[in-house]
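Q: Residue numbers (numbering that gives the first Met the number 0), protein chains in the order written: chain W, 0 to 349; chain H, 0 to 120.
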Amino acid sequence: MLDLIIEKSILILSVFSVTLLIATYLTYTERKVAAFLQDRIGPDRAGPFGIFQPLADAGKMFFKEDFIPAASAKWLFIMGPGIAMFTACMTGAVIPWGTSLNIMGREVSLQIADVNIGILYIMGMVSIGVYGIMIGGWASNNKYSLMGAIRASSQMISYELAMGLSIISIVMMTGSLSLKDIAAGQSGQLFGIPLTTGLDWNVFVQPVGFIIFLVCAFAETNRAPFDLPECESELIGGYHTEYSSMKLGFFLFAEYINMFISSAVISTLYFGGYNFPGIHLLPHNLQAIAGIAALFGKIFFFIFVFMWVRWTLPRFRYDQLMHLGWKILIPLSILNMLVTAGWMTFRNLL
Amino acid sequence: MNTTSSYFPIVMQTLVAGGFVGLVLTLTHLLGPSRKNKTKDANFECGVESDGDARVRFSIKYFMTAILFVLFDVEVIFFYPYAVNFKELGGEGFLAVLMFVSFFLIGFFYVLKKGALEWDK
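Here it is as structure tokens:
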């Protein structure tokens, strides 16, 4: 029992600090990627290539005045960013970061918690995240914040439906809700072709499901082209208009953590997680380490896609957003589910 | 591992995440300066007198979306047990789920025809 506590504590603390570090540096990456796409230089003053910029920003967040408007609901105003940050930090718990390490004869799993309802846990945490934005926006007692908050909650719950439906096809193919089983299920050969061991990724059999999931992930993280909750040309800053200091920092930080976790979930569900062709040839411990590297490679690719889209596509209008969510993605994901179920049943009957 | 003990690490994660959030919020509250005055503490202080507060009524469409979400989300949740046991249920299970999906679609079609999802009207 004590071994387990120590092992899990080390794992939790390392995943937690890596998540925070990545989220901090994503702010820098975002500005650099934006600069690259717009043919600018980007931040370059703090340290070589501006790499100390996030540290300066974080320091500023800590020492700014913690402003609470007089007319706001004080406790809810504080709770809003707290909930947003808390749920963002919780979702990483069920993601399998690699296979398992053998340390002095002891198998150490690289997943914090292997619960048998892994996907539902993530969906649940994402749903609680809506409360952070809703409570924060409402408690500000500012019309712009209120507009941003109700827009955000309406958008997030709408896209959650299509997201939930698109995952069902994956669950059907794996027969399990545990992310560990889903990742392990993608280690075989692609369509039985030799030399493709470790390339049996779900994206090749579920391309439609992947596209639906990706679009929903953009909407759930409130990223462009779905960043209507904070669209600055109409709503000043949306739900975080009244926030300052680290409370504002938490809202922005939560967005970057969510982006990181979404990329990890997309990689695990559709792109084989830690699997890559040739992983089965490596010795046990090297397999785990190479697996972590492969997973992070995929995650960084998807994070780049998030940024690429943000600086390429213009923002949707609200009725277009709702139209896409309810009238296109939901019927499409039901159809995708039925085609998957029909095909699998048909194949079993033969 | 399907026991309650597999949730134990999640409890630990909760403590770490909750502790971090609480600590940082308290710390920044103590670190930053605090200068209060009546004008500054006003909501959306921008030089123009604000008109009332934000406890106003907003479009019914947001409530409609929320209610429809609850209905459809419950239906989506019913698909999950089917999906997990998909292989054991076979052809009979597929027919049952086809029936369930058609009920789902009848409801969806009704909502569409009633115009509950028309945002630009």
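Here a beta-carbon is modelled for each residue, glycine too, at the ideal position from N, C-alpha and C. Source: prediction; values computed, not measured.
Applying the 10 Å Cβ sphere with the 16-neighbour rule, what's the burial state of Lys59(W)?
A: Under this definition Lys59(W) is an exposed residue.
Q: Would Cys88(W) count as contacting chain H if we go by Cβ distances under 7 Å?
A: Yes - at least one Cβ of chain H is within 7 Å of the one on Cys88(W).
Q: In whole angstroms, give me the CA-to-CA distance for Ser108(W) and Lys7(W).
A: 9 Å
Q: Is there at least one Cβ from chain H nearer than 7 Å to Trp342(W)'s Cβ?
A: With 7 Å as the cut-off, Trp342(W) does not count as an interface residue toward chain H.
Q: Under 7 Å Cβ-Cβ, which residues of chain H neighbour Trp325(W)?
A: Leu116
Q: Using the C-alpha atoms, what's the distance from Gln12(H) back to Ala92(W)?
A: 7 Å
Q: Drop a sphere of 10 angstroms on the beta-carbon of Gly197(W), count the other beta-carbons inside from all chains shown, and report buried for 16 or more, exposed for fewer.
A: Looking at its Cβ environment, which holds 16 or more other Cβ atoms inside 10 Å, Gly197(W) is buried.
Q: To the nearest angstrom, how far is it from the Cα of Ile302(W) to the Cα of Ser261(W)?
A: Each residue's Cα considered, the two are about 9 Å apart.
Q: Between Ile160(W) and chain H, is the shortest Cβ-Cβ distance under 7 Å, so that the two count as touching?
A: In the sequence as presented, Ile is not what sits at residue 160(W); that position holds Leu. Output row for Leu160(W): interface = yes.
Q: With the cut-off set at 7 Å, would you say Gly324(W) and Tyr120(W) are in Cβ contact?
A: no
Q: Could you please give me the residues that DSSP links to Arg150(W) through a beta bridge?
A: Per DSSP, none; premise fails for Arg150(W).
Q: How many whole angstroms separate the CB atoms of Val207(W) and Leu331(W), which I take to be in contact at a CB cut-off of 8 Å?
A: 7 Å
Q: What residues are listed by DSSP as bridge partners for Val107(W)?
A: Leu100(W)
Q: With a cut-off of 7 Å, does the C-beta of Leu164(W) fall near any C-beta of chain H?
A: yes
Q: Examine chain W for any beta-carbon lying closer than 7 Å to the beta-carbon of Met11(H), and answer yes or no.
A: yes
Q: For Met84(W) versus Val96(H), is the C-beta spacing smaller than 7 Å?
A: no
Q: If we define contact as Cβ-Cβ less than 7 Å, is Leu94(H) a contact residue for chain W?
A: no
Q: Which one of Ala183(W), Ile327(W) and Met162(W) has the shortest CA to CA distance from Ala218(W)?
A: Met162(W)
Q: Taking 8 Å as the limit between beta carbons, can you name the residues of its chain near Ser186(W), skipping five residues before and five after?
A: Thr196, Gly197, Asp199, Gly271, Asn274, Ile278 and His279
Q: Please go through the same chain and pick out, in chain order, the residues whose beta-carbon is closer than 7 Å to the beta-carbon of Ile134(W), but skip the five residues on each side of it.
A: Leu75, Met78, Gly79 and Ile82
Q: Does any C-beta atom of chain W lie closer than 7 Å to the C-beta of Phe68(H)?
A: yes
Q: What does Ala112(W) touch in chain H if you count any residue whose Cβ is under 8 Å from its own?
A: What Ala112(W) touches in chain H: Ser5, Tyr6, Phe7, Pro8, Ile9 and Gln12.
Q: Could you check the C-alpha separation between Ile256(W) and Phe249(W) for me, to the nearest Å?
A: Straight-line Cα distance between these residues: approximately 10 Å.
Q: Find the residues of chain H that neighbour Met306(W), judging by a C-beta separation of less than 9 Å, and give them in chain order.
A: Within chain H, no residue has its CB atom less than 9 Å from the CB of Met306(W), the nearest being about 26 Å off.
Q: For Lys142(W), is the classification buried or exposed, using 16 other Cβ atoms within 10 angstroms of its Cβ as the cut-off for buried?
A: buried
Q: Do the stretch 110–125 of chain W and the stretch 166–185 of chain W touch if we need at least three Cβ pairs shorter than 8 Å?
A: They touch, by the three-pair rule.
Q: Is DSSP giving Met0(W) helix, strand or coil here?
A: coil
Q: According to DSSP, is Tyr273(W) helix, strand or coil?
A: coil
Q: Determine, using beta carbons only, whether Asn42(H) comes closer than 7 Å to chain W.
A: With its beta carbon less than 7 Å from one in chain W, Asn42(H) belongs to the interface.
Q: Less than 7 Å between the C-beta atoms of Ala82(H) and Met171(W), yes or no?
A: yes
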